[in-house]
Amino acid sequence: MEHGPVKIWVIAERSKDGALRRVSKELAAKAASFGDVTVLEVTGERVSGTAAAAALAARATGGAPDLILAGATPAGRDVAARLAATLQRAYLSECTDLAIAGTAIEATRAMYAGKLRARVRVALPAVASVRPNAFPLGEDAADPQVEAVAAAETPGLTFVRFEPTASGGGRVSLSEARVIVSGGRGLKGPEAWTAVEALADALGAALGASRAVTDAGWRPNEEQVGQTGKTVTPDLYIALGISGAIQHLAGMTSSKVIVAVNKDPDADIFKVADYGVVGDVFEFLPAFTDAVKKAKAGA
Amino acid sequence: MRFLVCLKQVPDSTTRVKVAPDGRSIVTDGLTWSISPYDEYAIELALEHKDTAADTVVSVISVGGPRTKDALRQALAMGCDDATLVTGDGADALGPLGIARALASAVEDLRPDLVLCGKQASDDDQGFVGQALAEALGWPHVSQITKLVAAPRGMEIFKEVEGGHEVWAASAGAVLTVQKSEKEPRYPSLPGIMKAKKKEIPERPVAGVADPVTVEIVKLEPPPPRGGGRVFKDGDTQAHAVELAKLLRDEAKVL
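Top to bottom, those sequences are chains A and B.
For the first sequence, counting from 1, position 45 maps to 65 in the working numbering; every step adds exactly one.
For the second sequence, counting from 1, position 49 maps to 112 in the working numbering; every step adds exactly one.
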């Protein structure tokens, strides 16, 4: 590696409303403290991970950066992995902390489905995806300048159609939500989600679920939090009627504040909770939703 | 249709993993080993296709030491047709780019139509090998797969995205990284287990496969302990709800 400031790319993503994703802004701000940052965005309709990586690799032929960062969203992880393979570089996924150490990077990341935490080191050049909410972002942070990189079609791959999930849309994405309201088997059936959604609306939260709930078909699979679902790192995670199986805990224990509500005082979820209520979740929900509205209004 | 499912043997998800005295690896004595959960979903997706189209061949492959044969045999017992082990000195130490190279050379010989991988292994949690294998083959890949549907003009590939599924079609070879199957991965049947015991598992040498990068684990440790939180046990649940909202705003400052 040449001396001088570390050259960094941040691969940015936009949410459905066209706004730059918060994680992209977090990374751009953090990367600026490491070295020279270029924020890139792959543009095009229904761009596959393969095509996005190819477009970025083509852009890198003019001068590849020392470090490439993407948000650890499903799309971000996908393009980062393919790009690292194209460039034959080390790739670290789902980092929760990252620092430059001379000509290497040191990162913290979960291993063994969140059961252990690893401090790892790789020599630059490298690629990393970083979990949302790993780095702070000032409330008044302006959007960074973003350079568009147009994607071409992927040879051998055709987009056929989009099939929306019945209950999908309208809400913040689970993997980078600041607040998540998650429901488990203790909610007894899909009809309970009317009350869960009311709370999520009051909090501006994304909806999550335990595996029992998605397996039973009460909620779509994409809402599953845990080992075979999504790993989440919100500021606030509210677990309603979730017992706390080890696979579920693996997906949410890095949340900043965990609230658990469960009838069973011995439920494992209480072992990781910052605040807990042992009681009837159906009694709790409307009262809490009301109290949240009042608390947010300053009462 | 020929599927090749790449699997990894990992500590079973219900098992406790302990850090070894060196602080950089885990204690492997007494561990239960299994097929990584996402790889099981990949196997299930391929076997579901075989359930409906009898001429389907589902092969499995893994890179690892001798113990890895147990995982391959498990896949055979689930109903896969044949298994290959890429093995030899250094097979267990190979990183994702090296594993992808070893698998790519096997794919060139085995000539599957589609390669399926779990979206990540539940030990290193990287999510790298599938994309790296596609790159090594010069194939496209599609991630987050939850469903495969045989259609007149080829396989429809369902990719989970925010708010629904994108449906993609591959005209030739592709690597698919699997998020989940709709049904739970099937258990091996007793006849399946008996048949799997008798099957030869051919080996391919890993020798000569290089890994261009090294990721050094500096320290491995349990996550910081949590809990010791404030739990409201007795009394009025509704009053606790009101109190909790105030604490979240004024103490935790998350509202």
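Note that CB positions come from ideal geometry on N, CA and C, so glycine has one too.
Through-space distance from residue j to residue i, alpha-carbon basis
i       : j       : result
E107(B) : A270(A) : 24 Å
V68(B)  : A302(B) : 54 Å
M272(A) : S230(A) : 11 Å
A92(A)  : W96(B)  : 28 Å
Y132(A) : K81(B)  : 10 Å
V294(B) : D188(B) : 33 Å
L47(A)  : F155(A) : 7 Å
H228(B) : I280(B) : 36 Å
V59(A)  : D221(A) : 32 Å
T178(A) : T70(A)  : 12 Å
V30(A)  : L103(A) : 13 Å
S185(B) : S76(B)  : 8 Å
R136(B) : E247(B) : 19 Å
Q244(A) : Q207(B) : 14 Å
E306(B) : V297(A) : 10 Å
R130(B) : L94(B)  : 12 Å
R267(B) : E171(B) : 13 Å
E242(A) : G24(A)  : 43 Å
W231(B) : T240(B) : 13 Å
V259(A) : A280(A) : With the sequence shown as reference, residue 259(A) is identified as Ala, and Val is not the correct amino acid for it. In a straight line, the C-alpha of A259(A) is about 5 Å away from that of A280(A).
F302(A) : A186(A) : 25 Å
F221(B) : G298(B) : 49 Å
Partners in chain A for residue i, counting only beta-carbon separations shorter than 8 Å
i       : result
R293(B) : D294, Y295, G296
Own chain residues within Cβ distance below 6 Å of residue i, not counting five before or after
i       : result
A165(B) : V126, V149, V269, V272
V62(A)  : A72, A75, V169, A171
I88(A)  : W29, V147
A218(A) : T309
A259(B) : R136, L139, A140
K113(B) : T119, V121
Partner residues on chain B for residue i, Cβ-Cβ distance less than 9 Å
i       : result
F304(A) : T300, Q301, H303, A304, L307
N241(A) : T209, E223, Q242, K243, E245
F183(A) : First, the residue type needs correcting, since residue 183(A) is Glu and not Phe in the sequence shown. In chain order: F221, G227, H228, E229, V230.
Nonlocal neighbours in the same chain, by C-beta distance under 7 Å from residue i, ignoring five residues either side
i       : result
K132(B) : L148, I264
V67(A)  : A171
A237(B) : L177, W202, P203, H204, V205
Q183(B) : Y101, Q189, G190
Q247(A) : A133, Q267, A270, G271
A127(A) : L112, C115, D117, L118, V140, A148
V43(A)  : G91, T93, P152, E196
S193(A) : S35, A226
E223(B) : Q207, T209, Q242
Same chain only: Cβ atoms within 8 Å of residue i, ignoring 5 sequence neighbours per side
i       : result
A307(A) : none
D143(B) : Note on identity: in this sequence residue 143(B) is Cys, with Asp being the wrong assignment. Closer than 8 Å at Cβ, skipping near neighbours: V68, I106, A109, L110, V121, S122, V123.
R129(A) : L112, S113, E114, C115, T116, R137, A138, V140
E284(B) : V82, G86
G217(B) : A232, A233, S234
DSSP bridge partner residues for residue i (one or two, in chain order)
i       : result
N153(A) : Partner(s): none; N153(A) has no beta bridge.
N241(A) : According to DSSP, which records beta bridges pairwise, N241(A) is partnered with nothing at all.
A121(A) : A124(A)
T147(B) : I124(B)
L177(B) : F66(B), A237(B)
K222(B) : I208(B), E229(B)
D56(A)  : K27(A)
I258(A) : V201(A), V279(A)
V140(A) : A127(A), I280(B)
L89(A)  : V30(A), A148(A)
Buried versus exposed, by CB contacts within 10 Å (16 or more), residue i
i       : result
T328(A) : Shown here, chain A extends from 21 to 319; a query on residue 328(A) therefore has no answer.
F66(B)  : buried
Q72(B)  : buried
R97(A)  : buried
Q165(A) : exposed
T277(B) : exposed
F304(A) : buried
D261(A) : What sits at residue 261(A) in the sequence shown is Gly, not Asp. Buried, by the Cβ-count rule.
K50(A)  : buried
E33(A)  : buried
T214(A) : exposed
Within chain B, partners of residue i - CB distance below 8 Å
i       : result
K341(A) : The shown model of chain A, from 21 to 319, leaves out residue 341(A), and the question about it has no answer.
Interface partners of residue i on chain A, CB under 9 Å
i       : result
V281(B) : E126, A138, R139, V140, R141
D186(B) : M131, Y132, A133
P285(B) : K135, L136, R137
Amino acids of chain A, ordered along the chain, whose beta-carbon sits closer than 7 Å to that of residue i
i       : result
P215(B) : Result: empty, since nearest Cβ-Cβ is about 12 Å, beyond 7 Å.
S76(B)  : A133, Q247, Q267
E266(B) : Neighbours of E266(B) on chain A: none; closest Cβ ~26 Å, over 7 Å.
V80(B)  : Y132, K135, L136
Residue-chain proximity (residue i, chain E), Cβ-Cβ < 8 Å
i       : result
A307(A) : Note that chain E does not occur in the displayed structure, where the protein chains are A and B.
Contacts that residue i makes with chain B (C-beta to C-beta distance below 7 Å)
i       : result
E114(A) : D188
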